[in-house]
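Heads up: the structure comes next, in structure tokens.
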Amino acid sequence: MRRRPFFYGYVIVALCFFNMVLMRGILASYSVFYIALVETFGWSRAATGSIASVNGFFYSASSPLVGWAYDRLGPRILMPFGAFLIGCGMLLSGAGTSIWHLYLAYGLLVGLGIGCIGFVSNTALLSHWFRRRRGMALGLSTMGLGFGILVVPAVQVLITRYGWRAAMALLGIVVLATIVPLNAVFQRRRPEDIGQLPDGDSPGATDVAATAEPAAANPVPARDWTLAEAFRSFPFWSIAVGHLGLGTGLALMYTYAVAHLVHVGLAKQMAANAFSLVGVARIPSTAIWGFVSDRLGRDRAYRLGTLFTLGGIGVLMALSADAPAWWFVAFAVLYGIGHSSGNPTFGATITDIFGGRNVGKILGWLEVTFGIGVALGSWFGGYAFDVAGSYQYAWVLGLVSFTVAYLSVQACMVWKRRSRHETR
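Residue numbers (my numbering): 17 to 440.
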């Protein structure tokens with residue numbers, strides 16, 4: 017029997033995984049940098065949180081351009097360039113002496129860089145390499161987000177020993193030394209570019225494999241959407257609203273969870289360690305959710321994920337310094353399992369509907385509202401604390417935000433089933 021050649025798509029998954037590790041590590045680490053910046057400069061919590069808001073704003077503003085650039089230039093140029101911006105931005109952030117320096121370095125440069133190497137590029141890239149196994153591929157690659165959260169305790173150790181400036185500079189050096197060269201050397205846009213087919217299929221086997229898959233998955237889009245057609249469609253705006261909710265909820269958690277744990281009485285290192293358990297829970301869960309969404313459907317899988325997420329936030333709101341240790345573990349496990357469903361579900365839902373030649377552009381415009389949500393959540397948590405003296409109102413907004421995200425996926429699946437029925 018002739019041996020099937022190695023499918024290069026798994027190299028692409030590994031690259032996306034590693035990109036996610038360092039991207040999420042930098043974003044999640046802002047939760048400990050946030051505390052250090054408040055203590056160093058004495059800025060209000062809303063002002064300090066606004067640095068992450070500026071990051072979210074430039075991420076949002078650049079997303080349509082990133083989608084266009086991905087379709088025109090491809091990942092081998094765009095992704096190393098984004099990593100270069102992130103590395104330079106972190107180095108310059110470590111040298112910042114005013115809030116405007118951090119707005120420009122962490123807000124502008126890092127925000128633009130993450131736009132180039134984040135959700136839009138990785139999802140568009142994997143949608144070309146995987147069709148039937150798209151949820152699985154997105155799940156495996158976004159496991160990197162869980163590993164990225166594990167960077168937070170290490171960053172807190174660096175801050176404690178060497179200061180926040182050295183910690184930011186070291187993160188920048190790591191990005192420049194790893195993500196830039198790896199993506200420049202190993203990235204490829206499509207399997208056809210190296211003589212392969214999506215999912216590693218053999219020539220002539222694609223149709224047979226597709227008919228063997230469960231009908232519920234149906235990952236191949238029924239049409240090749242243009243950007244103008246997407247703008248006029250219901251699922252585009254439904255996902256846009258869901259992205260707004262998802263971005264708001266994630267920004268609240270990644271910016272303020274550690275600060276909340278410190279506020280209720282945990283030591284800084286213990287708070288960072290507790291939050292890192294979210295990453296531990298995410299590592300297996302993300303891959304599982306991708307597999308589950310391929311089998312059960314995107315909306316059913318995300319419904320379960322949302323219930324876990326809301327339960328985790330509810331436990332977080334009830335935490336106090338004298339709470340049993342297992343409460344902190346319960347928060348991390350529930351939230352980590354639940355919110356790990358977001359990336360593979362949204363990514364697969366978008367590419368199931370809009371996959372095609374213009375998927376990069378469409379993803380870029382959809383990501384605008386996610387970035388707006390990041391900017392809103394990053395600012396609101398600090399503002400809520402300045403006004404009320406706690407983060408409880410921030411978590412209420414988080415509950416609402418993740419619920420809206422789920423409802424948007426549910427609405428898209430209803431639309432998709434009706435559209436399929438009407439075309440028969």
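Yeah, the Cβ is synthetic: ideal placement off N, Cα and C, and Gly gets one too. Since the model is a prediction, treat every value here as computed from it, not as a measurement.
Please determine, among the options, the residue with the shortest C-alpha to C-alpha distance to residue i.
i: residue 67; options: 136, 408, 394; result: 394
i: residue 391; options: 198, 270, 325, 105; result: 270
i: residue 302; options: 274, 290, 277, 349; result: 349
i: residue 289; options: 375, 250, 347, 408; result: 347
i: residue 430; options: 165, 398, 369; result: 369
i: residue 279; options: 58, 354, 337; result: 337
i: residue 102; options: 185, 80, 26, 47; result: 185
i: residue 354; options: 295, 424, 208, 373; result: 295
i: residue 106; options: 118, 97, 70; result: 118
i: residue 356; options: 134, 55, 202, 160; result: 160
i: residue 168; options: 249, 318, 331, 292; result: 292
i: residue 360; options: 345, 340, 381, 307; result: 307
i: residue 366; options: 139, 90, 92, 38; result: 139
i: residue 180; options: 55, 205, 242; result: 55
i: residue 46; options: 424, 297, 272; result: 272
i: residue 371; options: 239, 91, 286, 190; result: 239
i: residue 74; options: 130, 48, 323; result: 130
i: residue 417; options: 406, 358, 363, 435; result: 358
i: residue 428; options: 324, 334, 362, 381; result: 362
i: residue 79; options: 305, 387, 178; result: 387
i: residue 299; options: 323, 326, 164, 287; result: 164
i: residue 98; options: 200, 422, 26; result: 200
In whole angstroms, give me the CA-to-CA distance for residue i and residue j.
i: residue 34; j: residue 195; result: 8 Å
i: residue 267; j: residue 217; result: 39 Å
i: residue 126; j: residue 50; result: 16 Å
i: residue 85; j: residue 112; result: 30 Å
i: residue 62; j: residue 379; result: 30 Å
i: residue 224; j: residue 29; result: Unreliable positioning characterises residue 224 in this predicted model, as indicated by a pLDDT of 45, which lies under 50. The coordinate reading is nonetheless provided below. Whole-angstrom Cα-Cα distance: 24 Å.
i: residue 171; j: residue 432; result: 44 Å
i: residue 383; j: residue 284; result: 33 Å
i: residue 156; j: residue 399; result: 36 Å
i: residue 403; j: residue 415; result: 20 Å
i: residue 426; j: residue 58; result: 44 Å
i: residue 410; j: residue 420; result: 15 Å
i: residue 233; j: residue 211; result: Confidence at residue 233 is low in this model, with a pLDDT of 45, below 50, so the placement of that residue should be treated as unreliable; the coordinate-derived value is given next. Using only the alpha carbons, I get a separation of about 26 Å.
i: residue 162; j: residue 40; result: 8 Å
i: residue 173; j: residue 166; result: 12 Å
i: residue 89; j: residue 321; result: 35 Å
i: residue 246; j: residue 252; result: 6 Å
i: residue 175; j: residue 183; result: 6 Å
i: residue 228; j: residue 142; result: For residue 228, the predicted structure reports a pLDDT of 40, less than 50, and the residue's modelled location is therefore unreliable. The matter cannot be settled from this model.
i: residue 95; j: residue 202; result: 11 Å
i: residue 158; j: residue 36; result: 6 Å
i: residue 64; j: residue 115; result: 8 Å
i: residue 87; j: residue 121; result: 27 Å
i: residue 109; j: residue 25; result: 35 Å
For my contact list, residue i and residue j are in at a C-beta cut-off of 8 Å; report their separation, rounded to the angstrom.
i: residue 132; j: residue 82; result: 6 Å
i: residue 310; j: residue 152; result: 6 Å
i: residue 100; j: residue 192; result: 7 Å
i: residue 206; j: residue 92; result: The pair is not a contact, with the Cβ atoms about 11 Å apart (cut-off 8 Å).
i: residue 339; j: residue 150; result: No, residue 339 and residue 150 are not in contact; Cβ-Cβ is about 40 Å, not under 8 Å.
Within its chain, find whatever has a CB closer than 8 Å to the CB of residue i; leave out the 5 residues flanking it on each side and keep chain order.
i: residue 385; result: 76, 256, 257, 259, 260, 263
i: residue 332; result: 273, 276, 347, 351, 411
i: residue 249; result: 241
Sorted by chain position, which residues of the same chain lie with C-beta nearer than 7 Å to residue i's C-beta, five sequence neighbours on each side aside?
i: residue 413; result: 264, 268, 396
i: residue 17; result: Note that residue 17 scores 45 on pLDDT, short of 50, meaning its location in the model is unreliable; the coordinates nonetheless yield the value given after this. There are no such residues.
i: residue 375; result: 140, 143, 367
i: residue 305; result: 155, 317, 321, 356, 357, 360, 361
i: residue 343; result: 331, 335
Output yes if chain D places a C-beta closer than 7 Å to the C-beta of residue i; else output no.
i: residue 177; result: No chain D appears in this structure, which consists of one protein chain only.
Return the chain-ordered list of same chain residues with a C-beta closer than 6 Å to the C-beta of residue i, the five sequence neighbours on each side being excluded.
i: residue 188; result: 103, 106, 107
i: residue 70; result: 119, 123
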